[in-house]
Amino acid sequence: MNLPLGLLRFLLLLPALPAGAAGGAAGVSESGMIHVPAGNYAPLLRTPKDPATVSVAAFLLDERPVTNAEFLTFVTAEPKWRRSAISPLFADASYLGHWAGDLAPGPNAPADAPVVRVSWFAARAYARWAGKRLPTTAEWEFTAGAGYTRPDGKNDEQLNRDLYAWLARPVPAVLPAAGRGRPNFYGVRDLHGLVWEWVEDFNTAMVTGESRGDTGLERDLFCGAGSIGAKDTTDYAAFMRQALRSSLKANNTTTSLGFRCARDLPQKPFQP
Amino acid sequence: MKAQLVLFLFSAAFLAAAENTPVPPATPVACPHCAAAAAASAPAASAFTRESIYQLDAKFTDDSGRTFTLGELRGRPVVLDMFFASCGYACPLLVTDMQAIRGRLPAALRDRAVFVLVSFDVTRDTPVALAQYRAQRALDGQWRLLHGDDDSVRELAALLGVKYRQDSDGMFSHSNVITILNAQGEIVHQRIGLKGGLDEAAAALAAATR
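The listed protein sequences derive, respectively, from chains R and S.
The C-terminal residue of the first sequence carries number 273 in this note's numbering, and the numbering is unbroken.
The C-terminal residue of the second sequence carries number 235 in this note's numbering, and the numbering is unbroken.
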């Protein structure tokens, strides 16, 4: 259990794939959202009772993470989400800590870089304000499971190389622009390689987030969560995302955690 | 098992990483400009404190079918638990524990405290189903049984640090947490798990009302 902290640090150093490698994302709508088709997602962790895959309905997902410029528009319109006004219940003390001021992102938060140091509450409030919502874990992971050229990215060697190279690199002091990563099969960019992202149901991750509390106490801490297990222990990056989600509280903010929004597809018009 | 170990390890590591992130000094709350603006838009008498969970803009329905906002609880100490009515394992115990906490309160407080159950099960735990649960468990007028939509339930759970998920059989896995709120709706204590801690919870509630 006692891995040297240095090693952990190394493993946890976060982000930034070389920008570029772009290409025209075919399915971009005017609103910057991508139509992700329906499919099946195999959850990383499940109980013996759970089915091996869950179906994900077709939905819209932002092509790239929300930027500082976009978040600035939001806090300008919604004063209670400004850094100086926010309740500690909804965001911890490092909320937007790299911004120069309440309404001034400044040099450490370029307009086109993804906004980070935002809490789940703030990300959710932004999404609601924008007429959108956060993606679910299933939606996010299903989309992120695609490779560059095919829907199943598990054996996409280039994607895996890029992903692990990113995981091994330190977080840059100033994040590069969002939307320049190579689009995946669906046309969505930056799911890997730029920042970690909030999902709507992050708090379904059934561990306490504290290793000391998770072993013998588990049955008392959680009703019904006795025997959760992993389906694919080789998916290292997915484990890291799961671990991050399970360790987060809804008011937490970190230097490499941002978000993007999703939306349900419009209801099909009635056809007589 | 190995997978779990790795998971916990990373959880811990992420926490450590989060704690070690240099945090700038908390932004002063008392920006005269903002304070003035806030005061102008919300009269002091109705504003909740900065730590009050009653700031949550979520609507619930009680088991009589009436719309209920948590802010209505202001002024009274609260014992709150998230549960679901068809739960066969921990939830009945948690309700029993809440009754036990009530039994440990000084007499005057016993009649002032409010006991709140909020259901995870937004589909099955309708106000009618909750009314049946009230009858089954013989819960008196000091209990509020609340039904909410997906959003309200998820936000409240997030505020309380409660994790939950619906399993494929329709049951819920969830944290076992009893939360004590003071008269302002601030979290003053949480009993986590299923064993013990009832004296501490009762004491925290009594202290919060002094």
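C-beta atoms are modelled at their ideal positions from N, C-alpha and C, and glycine is treated no differently.
For L61/R, would you say it is in contact with chain S, using Cβ-to-Cβ distances shorter than 9 Å as the test?
Taking the first sequence and counting its residues from 1, the one referred to as residue 61/R is at position 60. Output row for L61/R: interface = no.
Starting from the beta carbon of L90/R, find every residue of chain S whose beta carbon is closer than 7 Å, and list them in chain order.
Here residue 90/R refers to the residue found at position 89 of the first sequence. Here the neighbours are E76, I78, Q80 and L184.
Let me know the beta strand (DSSP E) ranges lying completely inside the segment 145-212 of chain S, each 3 residues or longer, listed in chain order.
168-173, 189-191, 197-200 and 202-206
Any heavy atom of the ligand GDP closer than 8 Å to the CB of P173/R?
Questions concerning the ligand GDP fall outside what the structure shown contains, since it holds no ligand whatsoever.
Go ahead and pull the three-state DSSP assignment for V200/R.
The residue you call residue 200/R lines up with position 199 of the first sequence. It is coil, neither helix nor strand.
For N69/R, which option in D103/R, D265/R and A53/R has the closest C-alpha, if you only look at C-alpha atoms?
Residue numbering aside, residue 69/R sits at position 68 when the first sequence is read from its first letter. Ranked by Cα distance from N69/R, the first of D103/R, D265/R and A53/R is D103/R.
Quick one, which of N252/R, V55/R and E201/R has its alpha-carbon nearest R264/R's?
Looking up residue 264/R in the first sequence gives position 263. If we check each option's Cα against that of R264/R, E201/R comes out closest.
Going residue by residue through the segment 55-139 of chain S, where are the continuous beta strand (DSSP E) segments of at least 3 residues, counting only ones entirely within it?
84-87, 92-94 and 103-108
Can you give me the Cβ contacts of T137/R inside the same chain, cut-off strictly under 7 Å, excluding the 5 residues immediately before and after it?
As a first step, residue 137/R is located in the first sequence; it is residue number 136 there, counting from the start. Only V200, E201 and D202 meet the Cβ criterion.
CA-CA distance, P108/R and F91/R?
For the purposes of this step, residue 108/R is taken as the residue at position 107 of the first sequence. For the purposes of this step, residue 91/R is taken as the residue at position 90 of the first sequence. C-alpha separation (whole angstroms): 25 Å.
I want to know whether the segment 73-86 of chain S touches the segment 92-99 of chain R - three or more CB-CB distances under 8 Å.
no
What would DSSP say about Y42/R, mapped onto helix, strand or coil?
Counting from one through the first sequence, the residue named residue 42/R turns up at place 41. Y42/R falls in the strand class under three-state DSSP.
CB F60/R to CB L266/R, shorter than 9 Å?
Along the first sequence, read from residue 1 onward, the residue named residue 60/R stands at position 59. Along the first sequence, read from residue 1 onward, the residue named residue 266/R stands at position 265. With contacts defined by Cβ atoms closer than 9 Å, F60/R and L266/R form a contacting pair.
Name the chain S residues that come within less than 9 Å of A105/R, Cβ to Cβ?
On the first sequence, position 104 is the one that residue 105/R refers to. Listed by position along chain S, the residues whose Cβ is nearer than 9 Å to that of A105/R form an empty set, because the closest Cβ is around 13 Å away.
Indicate whether the contact test is met: 3 or more Cβ pairs, each with one atom in the segment 186-202 of chain S and one in the segment 168-175 of chain S, closer than 8 Å.
Cβ pair count under 8 Å is below three, so no.
Output the boundary residues of the beta strand (DSSP E) element that contains R264/R.
Position 263 of the first sequence, counted from the start, is the residue given in the question as residue 264/R. Element bounds for R264/R: A263 to D265.
According to DSSP, is A123/R part of a helix, a strand, or is it coil?
Along the first sequence, one-based indexing puts residue 123/R at 122. Looking at A123/R - three-state DSSP - the assignment turns out to be helix.
If I follow the unbroken beta strand (DSSP E) through V91/R, where does it start and stop?
The sequence position of residue 91/R within the first sequence is 90, counting from 1. Residue identity check: residue 91/R is Phe in the sequence provided, not Val. Run containing F91/R: none; DSSP gives neither H nor E here.
Given this structure, state the Cα-to-Cα distance separating T256/R from C262/R, to the nearest angstrom.
As a first step, residue 256/R is located in the first sequence; it is residue number 255 there, counting from the start. As a first step, residue 262/R is located in the first sequence; it is residue number 261 there, counting from the start. So the two alpha carbons sit approximately 19 Å from each other.
Go ahead and pull the three-state DSSP assignment for R242/R.
If you number the first sequence from 1, residue 242/R lands on position 241. Three-state result, R242/R: helix.
Can you name the residues of chain S whose CB is closer than 7 Å to the CB of W121/R?
As a working mapping, residue 121/R is identified with position 120 in the first sequence. Listed by position along chain S, the residues whose Cβ is nearer than 7 Å to that of W121/R are A183.
Give a yes or no on contact between the segment 109-120 of chain S and the segment 142-159 of chain S, applying the rule of three or more CB pairs nearer than 8 Å.
yes
Compile a chain-ordered list of the residues in the segment 235-255 of chain R whose CB is closer than 7 Å to at least one CB of chain S.
F240, M241, Q243, A244, L245, S247, S248, K250, A251, N253 and T255
Give me the Cα-Cα distance between D63/R and A131/R, rounded to the nearest whole angstrom.
Against the first sequence, residue 63/R aligns to sequence position 62. Against the first sequence, residue 131/R aligns to sequence position 130. When rounded, the distance between both Cα atoms is 12 Å.
Where do the N-terminal and C-terminal ends of the beta strand (DSSP E) with D236/R fall, by residue?
The residue labelled residue 236/R in the question sits at position 235 within the first sequence. Where D236/R is concerned, there is no enclosing beta strand (DSSP E), given that its DSSP letter is neither H nor E.
A58/R to F109/S, Cα distance in whole Å?
Within the first sequence, the letter at position 57 stands for residue 58/R. Within the second sequence, the letter at position 84 stands for residue 109/S. When rounded, the distance between both Cα atoms is 27 Å.
Around the C-beta of V37/R, are 16 or more other C-beta atoms found within 10 angstroms, so that it is buried, or is it exposed?
One-based indexing of the first sequence puts residue 37/R at position 36. Buried: at least 16 other Cβ atoms inside 10 Å.
Identify, in the order they occur along the chain, each residue of the same chain with its Cβ nearer than 7 Å to the Cβ of Y187/R, setting aside the five sequence neighbours on each side.
Within the first sequence, numbered from 1, the residue matching residue 187/R stands at position 186. So the list reads G28, I35, V37, T144 and A147, once near-sequence residues are dropped.
Using a Cβ cut-off of 9 Å (strictly closer), state whether R125/R contacts chain S.
Taking the first residue of the first sequence as position 1, residue 125/R is located at position 124. It does; some Cβ of chain S falls within 9 Å.
In the DSSP assignment, the alpha helix (DSSP H) including L168/R goes from what residue to what residue?
Taking the first sequence and counting its residues from 1, one reaches residue 168/R at position 167. E158 to A169 is the extent of the alpha helix (DSSP H) around L168/R.
Look up V67/R in the DSSP assignment and say whether it is helix, strand or coil.
By one-based count along the first sequence, residue 67/R stands at place 66. Coil.
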